[in-house]
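Please read the structure below before turning to the comments.
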Amino acid sequence: MNQPKPSYSFDVTSADFDKLVVQASFDQPVLVDFWAEWCAPCKVMLPILEQIAEDYQGELLLAKVNCEVEQDIVGRIGIQTLPTVVLFKDGKVVDGFQEAQPESAIRAMLLPHVVMPEAAVEDPLVQAQALFAESRFADAEALLKSILTEDNTNAKALILYGRCLAERGELTEAQAVLDAVKSDEHKAELAGAKAQLTFLRQAADLPDVADLKTRVAQNPQDDEAAYQLAIQQLARQQYEGALDGLLKLFTRNRSYNEGITHKTLLQVFDLLGNDHPLVTTYRRKLFAALY
1 MNQPKPSYSF
11 DVTSADFDKL
21 VVQASFDQPV
31 LVDFWAEWCA
41 PCKVMLPILE
51 QIAEDYQGEL
61 LLAKVNCEVE
71 QDIVGRIGIQ
81 TLPTVVLFKD
91 GKVVDGFQEA
101 QPESAIRAML
111 LPHVVMPEAA
121 VEDPLVQAQA
131 LFAESRFADA
141 EALLKSILTE
151 DNTNAKALIL
161 YGRCLAERGE
171 LTEAQAVLDA
181 VKSDEHKAEL
191 AGAKAQLTFL
201 RQAADLPDVA
211 DLKTRVAQNP
221 QDDEAAYQLA
231 IQQLARQQYE
241 GALDGLLKLF
251 TRNRSYNEGI
261 THKTLLQVFD
271 LLGNDHPLVT
281 TYRRKLFAAL
291 Y
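Residue 130 in the UniProt record's numbering sits at position 130 of the sequence shown; the count goes up by one each step and never skips.
See the structure below:
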């Protein structure tokens, strides 16, 4: 179940102003926005202030005071013009401004008082996975090498590194990297990487795609051409076309080459992973064909 997104802005009243603004400002600065329904500039300012508070990720809070309702607070702070925004820190007003201001001016006003949190650093393995998905194999390898320099037993990094090498045609080196994976924790990913390596090796010894497509077009019952075309497509990451061809071949002749089509379909499922939409679709179709 997803956790609700934290809110860094809220309404305050005279009953809770001291607690939510004055006392809270000892923990982090609190920006107080004094507004009214009739104030058009207030409505322009509000989303800007809310975005600024969001950007500070809890290092700054935004309290909103409806001046038409909370006259006690208006009188206490001495508000005379709308919009007015004041900054509380350590229990007292330390800065602020009157009338609408550009976002840049508001951020400049906050700089001496509030520390902007450091941007979250993305996991380098996640970055490498994204680069691999974009076929930027050399860039992904550079990140993976730095990960493996620190921990050469990192199974997920080794598997992805092996896949990068395989996609670049370094099949022998890729095999050595995958063989170095000793952890049983990522069996499915390792099986998928080895399957991709197998497809690339097989494709290197097969006729080219154009010839195979011609053979299939001339004779849709040419099981060998259909299977070899699927392998070529798998080597090129054309997974949907390959799965479709393999399933048709399996449905037509499930005993072709001692049942290799069924085995290959399962290898592709390992390669793509159970959460991949193509796996969900074609696993269901394979089940229907079996039973």
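In this text, a Cβ means the ideal position worked out from N, Cα and C, and glycines have one as well.
Can you tell me whether alanine 157 is buried or exposed? The criterion is at least 16 other CB atoms within 10 Å of its CB, across all chains shown. buried
Please classify arginine 163 as buried or exposed, where buried requires at least 16 neighbouring CB atoms within 10 angstroms. buried
With DSSP run on the structure shown, which of helix, strand or coil describes lysine 92? strand
Within 10 angstroms of the Cβ of leucine 62, are there 16 or more other Cβ atoms? Answer buried if so, exposed if not. buried
Tell me, which residues are paired with lysine 64 by DSSP? Asp11 and Asp33
Comparing C-alpha positions only, which one of Glu70, Lys43, Gln23 and Met109 sits nearest to aspartate 90? Gln23
As a quick exercise: from Val209, Glu173 and Pro29, pick the residue whose alpha carbon is nearest that of alanine 92. Strictly speaking, residue 92 in this sequence is lysine, with alanine absent from that position. Here the closest residue by C-alpha is Pro29.
Find out if the Cβ-Cβ distance for the pair alanine 102, tryptophan 35 is shorter than 7 Å. Reading off the sequence, residue 102 comes out as proline, not alanine. Cβ atoms of proline 102 and tryptophan 35: not closer than 7 Å.
Can you give me the Cβ contacts of glutamine 233 inside the same chain, cut-off strictly under 8 Å, excluding the 5 residues immediately before and after it? Val209, Tyr239, Gly241, Ala242 and Gly245
Taking only three categories from DSSP, how would you classify valine 86? strand
So the candidates are Gln129, Ser135 and Arg136; which of them puts its Cα closest to the Cα of isoleucine 159? Gln129
Using a threshold of 7 Å, state whether the C-beta atoms of aspartate 270 and alanine 195 are closer than that. yes
If distances are taken between C-alpha atoms only, which option among Ala166, Asp184, Asn219 and Asn66 comes closest to alanine 193? Ala166
How is glutamine 98 classed by DSSP in three states: helix, strand or coil? strand
Relative to the C-alpha of lysine 64, which residue among Ile73, Leu286 and Ala230 is closest? Ile73
Counted within 10 angstroms of its Cβ, other Cβ atoms place valine 279 as buried (16 or more) or exposed: buried
With a threshold of 7 Å on Cβ separation, who are the neighbours of valine 44 within its own chain once the five nearest residues in sequence on each side are excluded? Ala100
Cβ-heavy atom distance between alanine 217 and the ligand GTP below 6 Å? For the structure depicted, the ligand GTP is absent and the ligand set is empty, with no information on it obtainable.
How big is the Cα-Cα spacing for leucine 131 and glutamate 150? Going by C-alpha positions, leucine 131 is about 20 Å away from glutamate 150.
Can you grab the Cα-Cα spacing for the pair aspartate 55 / methionine 116, in whole Å? 8 Å
I'd like to check one pair, leucine 20 with valine 12: are the Cβ atoms closer than 7 Å? Result yes, Cβ atoms of valine 12 and leucine 20 sit closer than 7 Å.
Helix, strand or coil, according to DSSP, for residue 321 in the structure here? Because residue 321 is not part of the residues shown, which for the chain are 1 to 291, the question remains open.
Can you give me the start and stop residues for the alpha helix (DSSP H) that glycine 192 sits inside? Per DSSP, glycine 192 belongs to the alpha helix (DSSP H) from 187 to 204.
Same chain, Cβ closer than 7 Å to glycine 104, neighbours up to 5 away in sequence not counted: In the sequence as displayed, the identity of residue 104 is serine instead of glycine. Once the five neighbours on either side are set aside, serine 104 has no close Cβ partner at all.
Minimum C-alpha distance to threonine 264 - residue among Leu286, Asp275 and Thr281: Closest option to threonine 264, Cα to Cα, is Leu286.
Looking at alanine 225: is its Cβ nearer than 7 Å to the Cβ of arginine 215? yes
Can you give me the Cβ contacts of isoleucine 106 inside the same chain, cut-off strictly under 8 Å, excluding the 5 residues immediately before and after it? Ile48, Leu49, Ile52, Val85 and Phe97
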